[in-house]
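Chains as they are written, first to last, in numbering that gives the first Met the number 0: chain A, 0 to 409; chain B, 0 to 79.
Backbone N, C-alpha and C define an ideal beta-carbon position, used for all residues, glycine too.
Note that the structure is a prediction, hence the values are computed from the model and not measured.
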Amino acid sequence: MKDNPRHIYTVSQLTQDIKLILENTFEQVWVEGEVSNFKADAKGHFYFSLKDEGAVLPAAMFRQANKEVRFKIEDGLKAICFGRIDVYPPHGKYKLNIGKIEPKGIGSQQLAFEQLKKKLFQEGLFDPAHKRELPLMPFSVGIVTSASGAAVRDILQILKKGAACVDVLIRSVRVQGEFAAREVADGIAELNQFKNVDLIIVSRGGGSSEELMPFNEEAVARAVYNSAIPVISAVGHQINITLADMVADVFVETPSAAAKIIVDKKNSLLAELDGLKHQLAFAASAVIGRLNNTLVALRHMLKSPQDRLLERQQFLNRLNLDLSNNIRHYLNIVRERSAALIERLDALSPLAVLSRGYSLSMRLPEGEIIKDASQIKAGDKVSTTLSKGSFVSEVQQINKDQARPDQGGQ
Amino acid sequence: MKEKQSFEEEMKRLHNIVEELSGGKLNLGESLKKYEEGVKLAQSCAATLNEAQRKVELLMKKGDKFVLEKFEDNPGEGKE
């Protein structure tokens, strides 16, 4: 424009104008973005950028403001920031000077809790491998809680009824307020120093989730972790599990439940002892039974030679009996057979034949028995034997044709 | 502490005895001895558990020293 004279700024003047415009326009501004390039300098001031898809905004949060922040600001955090725009003329740059920062979508307390949880997890405080086993039977229990609270009464009552053998040592602490975490942590450490404690119960009565805060603090979590004595945490809720719960060796929801663990241990030990007594009796009677069996077997073996002798004797008797029976039988047979033979001999005896009227003739003088008429001739002398006596006669006539073999001796 | 340790030791010993006795490798004299010892241990352990004398104390720290104070048990049950 020719009729308008040129107005020429110095760099400083222009920058000053920009500074005024920007700083007046954006004196109180809320900005949402993602944290990147986070840095904390030696003095404790924070420097980072807020960015989104289209732009980057340099930001600073000075120590005075950032010491109130409970959670850790880190790259990637989606945050809503409140502050003002500052322009720094010597660098020709502007930035957001942040007074407040909130994580987006999550409360700052919650974020702080999540961040601490993550840190402790990475350090291994929740590692199941680190969990200590509860003693077989804790005869001395330390309780870290408020001595005037309901928790201690509940625990004492249940132990009195169910496990009166358990001594109780109460380390009274505040379980609410800003000193609670420190006192609880110290209480756990002191019970460890005191030593004569088998088990520690960290407990508190019921309450809102705000009252759980001390049990979500790092000091308590570390004290539980560092305890050489096993710890039962009884501070949580069904919904809100505290960091103390997560580090503890066992966690339960109520003080009563913690005490019941001890009562249950006692009762199951008593049952186990009953069982062991039965096993002892059973095993002992099994030993005696086994020995008894051996004794019976041995006695049997001792009696055996006599038995064997008897058996042999009986066998011998039987043989004897058999033998005499057999002999008798044989003799009978022989006797019968010889009788038959005698009968037959009788029948065959020439004397028997003679008694039936037959006679026996022999030619004299030879004495040759005459069976055939041709053996003799007229004039021969013949001796004839009868059944009774004999006589000598002289042959007068021969009749050969009448010869019959069975009448030859006539 | 001593009580607890000896209790755990007695329980362990009792388990060992039951195992030995059930193993059936002992002679009669040994068996009866083990049986007797086992029964005694079981009774002693049960007696320890059934004991009804307990202490309830408050642990305080005075300076560097621990102090024990009797704790009034169950104020709500004062009639006892």
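Q: May I ask you to report which of helix, strand or coil DSSP gives Tyr93/A?
A: In the first sequence, residue 93/A corresponds to position 94, counting from 1. In the three-state reduction of the DSSP assignment, Tyr93/A falls in the strand class.
**Q.** Three-state secondary structure (DSSP) of Ser255/A
**A.** For the purposes of this step, residue 255/A is taken as the residue at position 256 of the first sequence. Helix at Ser255/A.
Q: Counting only the same chain and skipping the five closest in sequence on each side, list residues whose C-beta sits under 8 Å from that of Phe65/B.
A: By 1-based counting over the second sequence, the position of residue 65/B is 66. Cβ-Cβ distances below 8 Å link Phe65/B to Leu58, Met59 in the same chain, with the five nearest sequence neighbours on each side left out; the list follows chain order.
Q. Under a CB-based cut-off of 8 Å, is Ser21/B close to chain A?
A. Residue numbering aside, residue 21/B sits at position 22 when the second sequence is read from its first letter. Interface residue (Cβ-Cβ distance to chain A less than 8 Å): Ser21/B is classified as such.
Q. Should Met60/A be labelled buried (16 or more other beta-carbon atoms within 10 Å of its own) or exposed?
A. In the first sequence, counting from the first residue as 1, residue 60/A sits at position 61. Buried, because 16 or more other Cβ atoms sit within 10 Å of the Cβ of Met60/A.
Q | Status (buried if at least 16 other CB within 10 Å, exposed otherwise) for Ser392/A | A | Here residue 392/A refers to the residue found at position 393 when the first sequence is read from its first residue. It counts as exposed.
Q: Tell me whether Ala150/A is buried or exposed, calling it buried when 16 or more other Cβ atoms sit within 10 Å of its Cβ.
A: Position 151 of the first sequence, counted from the start, is the residue given in the question as residue 150/A. That one is buried.
Q) Distance, Cα to Cα, Ile142/A vs Leu67/B? A) Here residue 142/A refers to the residue found at position 143 of the first sequence. Here residue 67/B refers to the residue found at position 68 of the second sequence. CA-to-CA, the gap between Ile142/A and Leu67/B works out to about 14 Å.
Q: Taking Asp166/A as the query, report the chain B residues whose CB atoms sit under 7 Å from its CB, ordered along the chain.
A: Taking the first residue of the first sequence as 1, we reach residue 166/A at position 167. Close partners of Asp166/A in chain B (Cβ separation under 7 Å): Arg53, Lys54.
Q. Under 9 Å Cβ-Cβ, which residues of chain B neighbour Ile169/A?
A. Taking the first residue of the first sequence as position 1, residue 169/A is located at position 170. Those are Val55, Glu56, Leu57, Leu58, Phe70, listed as they occur along chain B.
Q.
Is it the case that the region 32-41 of chain A contacts the region 69-79 of chain A, given that we only count it when at least three CB pairs across the two stretches are under 8 Å?
A. Yes, they touch.
**Q.** Residues sharing a beta bridge with Asp166/A, DSSP
**A.** The residue labelled residue 166/A in the question sits at position 167 within the first sequence. Asp166/A is bridged to Ser139/A.
Q: At 7 Å on the CB atoms, spell out the chain B contacts of Met245/A, in chain order.
A: On the first sequence, residue 245/A is found 246 positions in, with the first residue counted as 1. Ordered by position in chain B, no residue passes the 7 Å Cβ test against Met245/A, which lies about 26 Å from the chain.
Q) Between Leu297/A and chain B, is there a C-beta pair that is closer than 8 Å? A) Residue mapping note: residue 297/A aligns to position 298 of the first sequence, counting from 1. Output row for Leu297/A: interface = no.
Q: Could you tell me whether the Cβ of Ser5/B comes closer than 8 Å to any Cβ of chain A?
A: As a first step, residue 5/B is located in the second sequence; it is residue number 6 there, counting from the start. False, the Cβ-Cβ gap to chain A never drops below 8 Å.
Q) With which residues is Leu315/A paired in a DSSP beta bridge? A) Within the first sequence, numbered from 1, the residue matching residue 315/A stands at position 316. DSSP lists no beta-bridge partner residue for Leu315/A.
**Q.** Same chain, Cβ closer than 8 Å to Asn33/B, neighbours up to 5 away in sequence not counted
**A.** By one-based count along the second sequence, residue 33/B stands at place 34. Checking the displayed sequence, the identity of residue 33/B turns out to be Lys instead of Asn. If we look at Lys33/B and ignore the five residues flanking it on each side, its Cβ neighbours are Ile16, Glu19, Leu20, Leu25.
Q | Gly91/A versus Gln63/A: straight-line alpha-carbon distance, rounded | A | Residue 91/A sits at position 92 when you count from the first residue of the first sequence. Residue 63/A sits at position 64 when you count from the first residue of the first sequence. Inter-residue distance for Gly91/A and Gln63/A is about 25 Å (C-alpha atoms, whole angstroms).
(Q) When you compare the CB of Ala163/A with every CB in chain B, is at least one pair closer than 8 Å? (A) Residue numbering aside, residue 163/A sits at position 164 when the first sequence is read from its first letter. Yes, its Cβ sits closer than 8 Å to a Cβ of chain B.
Q: Kindly indicate which residue of His44/A, Lys103/A, Gln108/A has the alpha-carbon position closest to the one of Arg69/A.
A: Along the first sequence, read from residue 1 onward, the residue named residue 69/A stands at position 70. The residue with the shortest Cα to Cα distance from Arg69/A is Gln108/A.
Q.
How far does the beta strand (DSSP E) with Met212/A in it extend, from its first residue to its last?
A. Here residue 212/A refers to the residue found at position 213 of the first sequence. Per DSSP, Met212/A lies in no beta strand (DSSP E) and is assigned neither H nor E.
Q.
My output table needs one value for Ser11/A: the three-state DSSP class, helix, strand or coil.
A. Along the first sequence, read from residue 1 onward, the residue named residue 11/A stands at position 12. Here DSSP, grouped into helix, strand and coil, assigns Ser11/A to helix.
Q) Which residue comes first and which comes last in the alpha helix (DSSP H) that contains Phe193/A? A) On the first sequence, position 194 is the one that residue 193/A refers to. For Phe193/A, the uninterrupted alpha helix (DSSP H) segment begins and ends at 179-193.
Q: Grab me the residues of Ala257/A's own chain with a C-beta within less than 7 Å of its C-beta, minus the 5 sequence neighbours each way, in chain order.
A: Here residue 257/A refers to the residue found at position 258 when the first sequence is read from its first residue. Residues of the same chain with a CB within less than 7 Å of the CB of Ala257/A, apart from the 5 flanking positions on each side, are Ile154, Ile200, Ser202, Ile231, Ala233, Val251 in chain order.
Q: In the DSSP assignment, find the unbroken alpha helix (DSSP H) run with Ser389/A in it and report its ends.
A: Looking up residue 389/A in the first sequence gives position 390. Premise fails: Ser389/A lies in the beta strand (DSSP E), 389-393, not in any alpha helix (DSSP H).
Q.
Closer than 7 Å to a non-hydrogen atom of the ligand ZN - does that hold for the CB of Ile200/A?
A. With respect to the ligand ZN, the structure shown offers nothing to examine, as it has no ligands at all.
Q: Jot down the residue ranges of each uninterrupted beta strand (DSSP E) in the region 62-106 of chain A, minimum 3 residues, whole runs only, in chain order.
A: The qualifying runs are 77-87, 92-102.
Q: From the DSSP output, in three-state form, read off Tyr357/A for me.
A: Along the first sequence, read from residue 1 onward, the residue named residue 357/A stands at position 358. Correct three-state label for Tyr357/A: coil.
Q. Any residues in the region 37-69 of chain A with a beta carbon nearer than 8 Å to a beta carbon of chain B? Which ones, in chain order?
A. For the region 37-69 of chain A, no residue has a beta-carbon sitting nearer than 8 Å to a beta-carbon of chain B.
(Q) Can you tell me whether Glu182/A is buried or exposed? The criterion is at least 16 other CB atoms within 10 Å of its CB, across all chains shown. (A) Numbered from its first residue, the first sequence carries residue 182/A at position 183. Glu182/A counts as buried, since no fewer than 16 other beta carbons sit within 10 angstroms of its beta carbon.
Q. Given Lys103/A, which residues of its chain have a CB within under 7 Å of its CB, disregarding the five upstream and five downstream residues?
A. To locate residue 103/A, count along the first sequence from 1; it is residue 104. Cβ neighbours of Lys103/A within its own chain (closer than 7 Å, five residues either side excluded): Glu31, Lys77, Ala78, Ile79.
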